[in-house]
Structure formats: C-alpha cells, structure tokens
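Numbering (the numbering used here), first residue to last: 305 to 585.
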Amino acid sequence: MATNEKVRLNRLFAPSGRCLNVAIDHGVFNEPSFLEGLEKLGEVVRQLVTAGPDAIQMNYGQAGLLQQIAGPGKPALVLRADCGNPYNTPRADCIFDVLAHHPDPVLPAVQMDAACVVVNLLLLPGEAGLHRQTIENIARIRPFCDQYRMPLMVEPLVMKVTPKSGFAVDGSPGLLVPLVRQARELGADLIKADPTDRAEDYHRVVEAAGCPVLVRGGGKEPVEKVFEKAHALLEQGAKGLVYGRNIYQHPNPAKIVRALRGVIHDGWTPEQALATYRSSG
305 MATNEKVRLN RLFAPSGRCL NVAIDHGVFN EPSFLEGLEK LGEVVRQLVT
355 AGPDAIQMNY GQAGLLQQIA GPGKPALVLR ADCGNPYNTP RADCIFDVLA
405 HHPDPVLPAV QMDAACVVVN LLLLPGEAGL HRQTIENIAR IRPFCDQYRM
455 PLMVEPLVMK VTPKSGFAVD GSPGLLVPLV RQARELGADL IKADPTDRAE
505 DYHRVVEAAG CPVLVRGGGK EPVEKVFEKA HALLEQGAKG LVYGRNIYQH
555 PNPAKIVRAL RGVIHDGWTP EQALATYRSS G
C-alpha cells in the first residue's frame, strides 16, 4: 500500500488502532424502512459530529452536510460509490448494484475530501449475475483508487431468501469467509463484513481478510444486544464497527455512539457500555 493511502487510513483509525464508522448512506438504496430516523439528515449529522465517531459513511449528494462543518476534529468521511436494490422488500424483479459515478467513480470522493470509498460484493441466491456485476464494479473502481491513493472498503454481503420475499443476512462462515477472501483478492484495503452466526467464529473472517475488518451492524436490535455483540466481535480481532440502524434508529443516537466508543477504544465491557448509555444525558 502506498504511503499516502496509509495517510488517508489514519484519518479513519484512532490511536487505539480501531474505528467507529456510523453509516447513514441508506437513502441511496430506495428502501423506505431504512429512512426512519434519517428524515432530517442535517440534524442527524450534527448530533453525530458532537458525539464524535471516527467516521461517518454517506453518499455524494448529501456529504456536504458533514464536510461544510468547520473545524479539524470532525469525523472522517467514508463515501459510498455504488447503489442498488438488494434490500428491497418485496424483492425486486431485477436486482442490481451499479457504480454511482461515471466515468470516474472515485473523483467525487476526492472532491469531497473523503478518507475512503466503499462498494458492495454481493452473493445472493439465484443471482449469479449480480455477483458478477459487483465484481466488475470492484475491478472498475480499483484502478481509480490506485490513481488517487484512495483506500477501498469492500462490503462482502451474503444474503438468503426470507419468507417475506426479500433477502436477509446469511451469517454462515462457510459462505462469508470465502467471499471476504475474494474481496481481499480483488483489492480491498478494508473489509466491512457481517457478523457470523456465532461470534466465536468471527476470527475466521478476520484471518481470511488479511486487512482490517470492520463489522457491519445490520438491522436494529436492543441496545443490550448491540453492546454484547460489538464486544464479542472485537474480541475476535475486528478493528471496529460500521453501524447504521443500530445507531440512527435509536431514540438518542449520540448516547449509542459514546457507549460504543468506550467499547471500541477503551475496552469497556458490555455492562459498562450499557451503564453509560443509561446514565448519560
């Protein structure tokens, strides 16, 4: 990895060597349920900046809400470079994932002073063409990342069919581990990966990645479970978290951020995080 790529990564990772990245890029997926809590995105950004995560993940169209805030201490920007519809329920007739910016998919990230870009690597039942499409996205964006020395985060996502005719996360290590390895082989500098079904298996994901792994949060869960899972996965070698709905869909996102920062950077137990969450204003 080139030296100035490492400089950008230093904007993501705290001195602890870990990162809390809050994802609020959900609007690009055109799924109504994702928008709960993001109706007033500018207000959400201001709350998060005050709470102090290491990074905020956004899309080009509204990344200015973060980057227009003055001062050197604000979170780094992670910019999503693709968009698609794999999360829609009921499932769409044609499922796609495409790069959002052409002909140069990384230039918008450079213009917005992002520290990293992120794209999907999708493995869905019966959707081999979608898997190929996301591989082609990575193959297209990787040379531009090299040109601009922009770190590339790849999100390997294994999904299964649900009774509601949509898709849900599949945490099977037998499927997730090879996909994570494929993401690394395709040129990922960082991996954003789902939890395995059992937290104690997550070290296999970390070993397959060969680069820093940040855990994807997924759907909203009770705060007690959020802290327990985060702690367990960090114990398995993950370098941080990329949490969205488990932050912005809770009544007080800033309180969740402060508690998760304690787990990530200060080694808090789930009990300490929960006590802080409950006692903070």
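Ideal placement from N, C-alpha and C gives every residue a C-beta, glycine not left out. From a predicted model like this one, the values you see are computed outputs, not experimental measurements.
Do G522 and V473 count as a contact pair if the criterion is CB distance below 8 Å? Here residue 473 corresponds to residue number 169 of the sequence shown, with the count starting at 1. Here residue 522 corresponds to residue number 218 of the sequence shown, with the count starting at 1. Contact check for V473 against G522 passes: the beta carbons are separated by less than 8 Å.
Rounded to a whole number of angstroms, what is the C-alpha to C-alpha distance between G566 and L352? One-based indexing of the sequence shown puts residue 566 at position 262. One-based indexing of the sequence shown puts residue 352 at position 48. The alpha-carbon of G566 is positioned some 15 Å away from that of L352.
Coarse secondary structure for C387, derived from DSSP in three states: Indexing the sequence shown from 1 puts residue 387 at position 83. Note: C387 maps to strand in three-state DSSP.
Is it true that the stretch 460–469 meets the stretch 416–433, where meeting means three or more beta-carbon pairs spaced less than 8 Å apart? Yes, the stretch 460–469 is in contact with the stretch 416–433.
At 4 residues or longer, and completely inside the stretch 399–428: list those alpha helix (DSSP H) runs for me, N to C. Segments of the alpha helix (DSSP H) lying fully in the stretch 399–428: 411–415.
Whole-angstrom distance between C449 and P516, CA atom to CA atom: If you number the sequence shown from 1, residue 516 lands on position 212. If you number the sequence shown from 1, residue 449 lands on position 145. Their Cα atoms are separated by approximately 17 Å.
Alpha carbon to alpha carbon, how far is A327 from Y364? Give it in angstroms, no decimals. As a first step, residue 364 is located in the sequence shown; it is residue number 60 there, counting from the start. As a first step, residue 327 is located in the sequence shown; it is residue number 23 there, counting from the start. Spanning the two alpha carbons is a distance of roughly 13 Å.
Which first and last residues belong to the alpha helix (DSSP H) in which K533 is found? In the sequence shown, residue 533 corresponds to position 229, counting from 1. For K533, the uninterrupted alpha helix (DSSP H) run begins and ends at V527 to E539, by DSSP.
Once the 5 residues before and after M305 are set aside, which same chain residues still bring their CB inside 7 Å of it? Looking up residue 305 in the sequence shown gives position 1. With a pLDDT of only 46 at M305, under 50, the local geometry of the prediction cannot be trusted, and no value is derived from it.
Can you tell me whether R322 is helix, strand or coil according to DSSP? Position 18 of the sequence shown, counted from the start, is the residue given in the question as residue 322. In this structure, R322 counts as coil in the three-state DSSP scheme.
Three or more C-beta pairs below 8 Å linking the stretch 354–368 and the stretch 391–399: A contact is defined here as three or more CB-CB pairs under 8 Å, and the stretch 354–368 fails this definition with respect to the stretch 391–399.
Where do the N-terminal and C-terminal ends of the alpha helix (DSSP H) with P477 fall, by residue? By one-based count along the sequence shown, residue 477 stands at place 173. Start and end: P477 to E489.
Could you tell me which uninterrupted alpha helix (DSSP H) segments, each at least 4 residues in length, are contained entirely in the stretch 336–401, listed from first to last along the chain? Counting only runs of 4 or more, we get 345–355 and 368–371.
Please report how far the alpha carbon of K524 lies from the alpha carbon of R436, in whole angstroms. In the sequence shown, residue 524 corresponds to position 220, counting from 1. In the sequence shown, residue 436 corresponds to position 132, counting from 1. Near 30 Å, if we compare the C-alpha coordinates of R436 and K524.
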